[in-house]
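Below: one structure, written as structure tokens.
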Amino acid sequence: MSYVLTETAESELDAILDYIADRDGPQRALHVYNRFEEVFTKLGQTPGMGATRRHLTGETVRWWPVFKFLVLYETDDAGVIILRVVHGQRDLDALFGSE
1 MSYVLTETAE SELDAILDYI ADRDGPQRAL HVYNRFEEVF TKLGQTPGMG ATRRHLTGET
61 VRWWPVFKFL VLYETDDAGV IILRVVHGQR DLDALFGSE
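What follows is the structure, given as structure tokens:
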């Protein structure tokens, strides 16, 4: 299986990497980017990893940690769809509670 990122996930990942590059330098941002790519590939190869948080995103969305961030994804016949990439310290109830 492969993976794709939604526009939202791409935008969130870009913002994360820009922040890290500004704060810690481009080498650190590249390291973080590479780790995300490894995880996305691993999720594509082994869909079903991670936990669900039914009260926030239902039964089909899975959550997987990367550093201090959370990758939210679903699977379909074509592969893994990366839905969101959010910081783990965000108010997740406020962010996803109404979805």
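Numbering-wise (the numbering used here), the sequence shown opens with residue 1 and increments by one. The beta carbon of each residue, even a glycine, is placed where N, CA and C say it ideally should be. In this text, all values refer to a predicted model and were calculated from it rather than measured experimentally.
If you scan the stretch 31 to 62 from start to end, which runs of the alpha helix (DSSP H) of 4 or more residues do you find wholly inside it? 54 to 57
Helix, strand or coil for R84 per DSSP? strand
Range of the contiguous beta strand (DSSP E) that encloses F69: F69 to D76
Pairwise C-alpha distance: R54 and A29: 32 Å
Is I82 closer than 8 Å to V32 when the C-beta atoms are compared? no
Distance check for R84 and I16, CA to CA, integer angstroms please. 12 Å
Going along the chain, which residues of its own chain have a beta-carbon closer than 8 Å to the beta-carbon of E12, five neighbours each way excluded? R84, V85 and V86
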